[in-house]
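Counted the way the numbering used here counts, the sequence shown spans residues 250 to 467.
For glycine and all other residues, C-beta sits at the position ideal for the given N, C-alpha and C.
Okay, structure first, notes after.
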Amino acid sequence: MEVITTLARVVPSRPGKPVRAGATEQQLAVRAALLGEQPWTVERASEVAARFDELAPTWDGERGGYRRAPAEDALERGGPFTEGLCVEIGCGTGLLTPLLEAVWSPVLGVDLSPGMLRRSRSALRVRADGARLPVPDRGASAVVIGDAPLFASEVVRVLRPDGAVVWSNALGDGAPFYVTTTALLSALAAASGSTWCALESEAGWGSWAVLRRQAAPA
Ligand SMILES: C[S@@+](CC[C@H](N)C(=O)[O-])C[C@H]1O[C@@H](n2cnc3c(N)ncnc32)[C@H](O)[C@@H]1O
């Protein structure tokens, strides 16, 4: 049985949380991709890359101020984490990457959008699709996804059995990439044949979950 432990918030929210037009429709699409209900195609990947190429020049200025809070809280309270390679899917302009570099080494940033990637200062980044990661089987100690899609079978393929998935949504359930922790757990369980557990909380305007395979009973 999947188990979710919800921690009380320690990082307060504040008034003025933005509302993203079309977030609900995009959440449905992200959920459909997560559950494998909608095929992820090369055309769809090109559309996403083009959309984020357009947003890239203003990304940090318009959205940078609030994006780190949930990921930072997840890393502070969601551990312990295993040392080794961290794969950051949808690394974008690298707003979250320095937080990850304080925990893991190396951190490989993966993104579809050249415009977003170009703005990142991270040393190790590659243009690639989260649905086809340039990472060997069980090569990663962590997969971090801050407001980007989770392709469950690919995450299960690259993650070590003792590894963790760190999921964060900068605008919580108002984020276009938001899906519930229950949906994440179900998708990872279906892809792996194992049971997963999660720790979750909210921070600032956002929310996070850290998901791991449940240890087999002794
Ligand atoms: C909402 S932005 C988040 C960027 C960054 N994580 C942040 O918090 O600022 C989503 C990013 O995910 C990337 N992305 C979307 N789908 C992807 C996929 N299938 N594979 C890799 N990157 C993807 C986009 O290009 C974009 O840079």
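Given residue i as reference, the closest of the options once Cα atoms are compared
i       : options                               : result
Leu-283 : Leu-349, Ala-401 and Leu-357          : Ala-401
Leu-372 : Pro-385, Gln-276, Asp-378 and Ser-354 : According to the sequence shown, residue 372 is Ala rather than Leu. Taking only the C-alpha atoms, the option nearest Ala-372 is Ser-354.
Gly-341 : Ile-253, Asp-396 and Val-352          : Asp-396
Val-279 : Ala-438, Leu-349 and Arg-293          : Arg-293
Thr-273 : Gly-421, Leu-434 and Leu-366          : Gly-421
Val-260 : Ala-419, Gly-313, Gly-379 and Pro-398 : Ala-419
Val-393 : Val-352, Glu-296 and Gly-364          : Val-352
Val-268 : Leu-460, Ala-438 and Pro-425          : Pro-425
Pro-385 : Arg-263, Asp-378 and Arg-409          : Arg-409
beta-carbon residue i near ligand 1 non-hydrogen atom, thresh 8 Å
i       : result
Pro-468 : Since the displayed the chain opens at 250 and closes at 467, residue 468 lies outside it and no answer follows.
Glu-337 : yes
Ala-342 : With the sequence shown as reference, residue 342 is identified as Thr, and Ala is not the correct amino acid for it. Result yes, Cβ under 8 Å from ligand 1.
Asp-360 : yes
Trp-308 : yes
Leu-345 : yes
Val-297 : yes
Pro-383 : no
Gly-327 : no
Straight-line Cα distance separating residue j from residue i
i       : j       : result
Val-407 : Leu-382 : 8 Å
Ala-281 : Gly-442 : 20 Å
Arg-258 : Ala-452 : 6 Å
Thr-444 : Gly-271 : 33 Å
Pro-319 : Glu-325 : 10 Å
Ser-435 : Asp-302 : 32 Å
Gly-310 : Leu-256 : 31 Å
Leu-344 : Leu-334 : 18 Å
Leu-304 : Val-356 : 24 Å
Gly-358 : Ile-338 : 6 Å
Arg-312 : Ala-432 : 26 Å
Val-336 : Ala-413 : 11 Å
Coil, strand or helix - residue i by DSSP
i       : result
Leu-410 : Just to set this straight, residue 410 is Pro in the shown sequence, not Leu. Note: Pro-410 maps to strand in three-state DSSP.
Arg-387 : coil
Ser-417 : strand
Gly-358 : strand
Thr-429 : coil
Leu-434 : helix
Thr-307 : helix
Ala-281 : helix
CB contact below 9 Å: residue i versus chain D
i       : result
Ser-390 : Among the protein chains of the structure shown there is no chain D, as only one such chain exists.
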